[in-house]
Amino acid sequence: MKMRFEVPRTKTGIEGLDVMIGGGIPKGSTVLVCGGPGTGKTTLSMQFLINGYIKYGENGVFISLDEPMNRIFQEAKGYGWNLKDLYEKGNIAFVEASPHAEKKFSIEKLIQEIRESARLVNAQRVALDPLTYLTIQYPDIISRRSVILTLFKALRETNATCLVTDEIRGAGEERTILLEEYLADGVIILQSSQVERRRVRTVEVEKMRGTPIDDQIRPYTIDEDGVKVISEKDIFTYAASLLMKK
0 MKMRFEVPRT KTGIEGLDVM IGGGIPKGST VLVCGGPGTG KTTLSMQFLI
50 NGYIKYGENG VFISLDEPMN RIFQEAKGYG WNLKDLYEKG NIAFVEASPH
100 AEKKFSIEKL IQEIRESARL VNAQRVALDP LTYLTIQYPD IISRRSVILT
150 LFKALRETNA TCLVTDEIRG AGEERTILLE EYLADGVIIL QSSQVERRRV
200 RTVEVEKMRG TPIDDQIRPY TIDEDGVKVI SEKDIFTYAA SLLMKK
């Protein structure tokens, strides 16, 4: 499907992923990245911010609801990304609301910090990792829904393009559709499966408002440079090529 007008986009800088979403995420969208452990959700969110500044000169905000700031910096360093340097130079702000922060969690305080950080660095990109932490803080489903609604509203009000990571609940047809998937403008599903003795990771763009998408499931890898989506191959062709190499 060809768009009748050019949509302003925020490129992730991950070439194969941008191909799957028509050249980039429509600007100002809030996109949910869902996946199980080891699928690279945090890596993808860091890469989105790093690429934003290095490739496109766009500042960003990283919001951690799990890992402390120094650990995130260390993880980024493993891919050759100097996130700490960009933080110190004021190109990427950091909001730490993890249990390691030794302070009582407050959604009101978190939203205030997000707004202030986004304004301070004139953020065009925001990454929040992971939303799952709110399940621990708000076990009551009614309270949790209210908090998620408030948080998504605050993210949109930054006018930045936002990535929010979350854990998948269940798999395949048994997967639970979460409230945040309805609230998000886009949903990207990351999965990891065992094929013979090899690990195969797949990415699916489940929805993305305002742009045509590649609705095929594509393979991706995580190496020393981060996430790489192999958009020119379907998962069956890719898996077959792996089996032939064993």
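Going by numbering that gives the first Met the number 0, the first residue of the sequence shown is number 0, and it counts up by one from there.
A virtual CB, placed ideally from N, CA and C, is assigned to each residue, including glycine.
The beta carbons of V226 and G39 sit about 5 angstroms from each other, so the pair counts as a contact at 8 angstroms. Put simply, of V120, L130, N121 the residue whose alpha carbon is nearest the alpha carbon of L109 is L130. Looking at the DSSP output, A92 shares a beta bridge with V60. The distance from the Cβ of T201 to that of I176 is about 19 angstroms, inconsistent with a contact at the 8 angstroms cut-off. By the 16-neighbour rule on beta-carbons within 10 angstroms, R124 is buried. When DSSP states are grouped into helix, strand and coil, Y55 belongs to the helix group. I167 places its beta carbon less than 8 angstroms from that of C33. Y219 is bridged by DSSP to R200, V228. With a cutoff of 8 angstroms on beta-carbon distance, N58 and I91 are scored as near each other.
Comparing alpha carbon positions, the residue from L31, T149, T29, N50 closest to T11 is N50.
Between D224 and R208, the gap from beta carbon to beta carbon reaches 8 angstroms or more.
When beta bridges are read from the DSSP output, V186 appears opposite L31, K206.
A straight line joining the alpha-carbon of L148 with that of V60 spans about 20 angstroms. Distances from the CA of F72 to each of L16, S105, Q46 were compared; the closest alpha carbon is that of Q46. For T157, there is no enclosing alpha helix (DSSP H), as DSSP gives it neither H nor E. Separation of the CB atoms of S105 and D65 is rounded to 17 angstroms, and the pair is thereby denied contact status at 8 angstroms.
Under the 10 Å beta carbon count, G79 is surrounded by fewer than 16 other beta carbons and is classified as exposed.
Remark: C-beta atoms of T42 and K26 do not approach each other more closely than 8 angstroms. Counted as a single uninterrupted DSSP element, the beta strand (DSSP E) harbouring A126 occupies residues 124-128.
The shortest C-alpha to C-alpha distance from P218 to any of E179, L189, P211 is the one to L189.
Sequence-distant Cβ neighbours of L48 in its own chain, meaning closer than 7 angstroms and more than five residues away, are G59, F61, I91, R124, A126. Per DSSP, Y86 is one residue of the alpha helix (DSSP H) stretching across 82-87. Within the model, the alpha-carbon separation for G22 versus L16 is close to 8 angstroms. The shortest CA-to-CA distance from I141 to any of P67, E107, K232, L178 is the one to L178.
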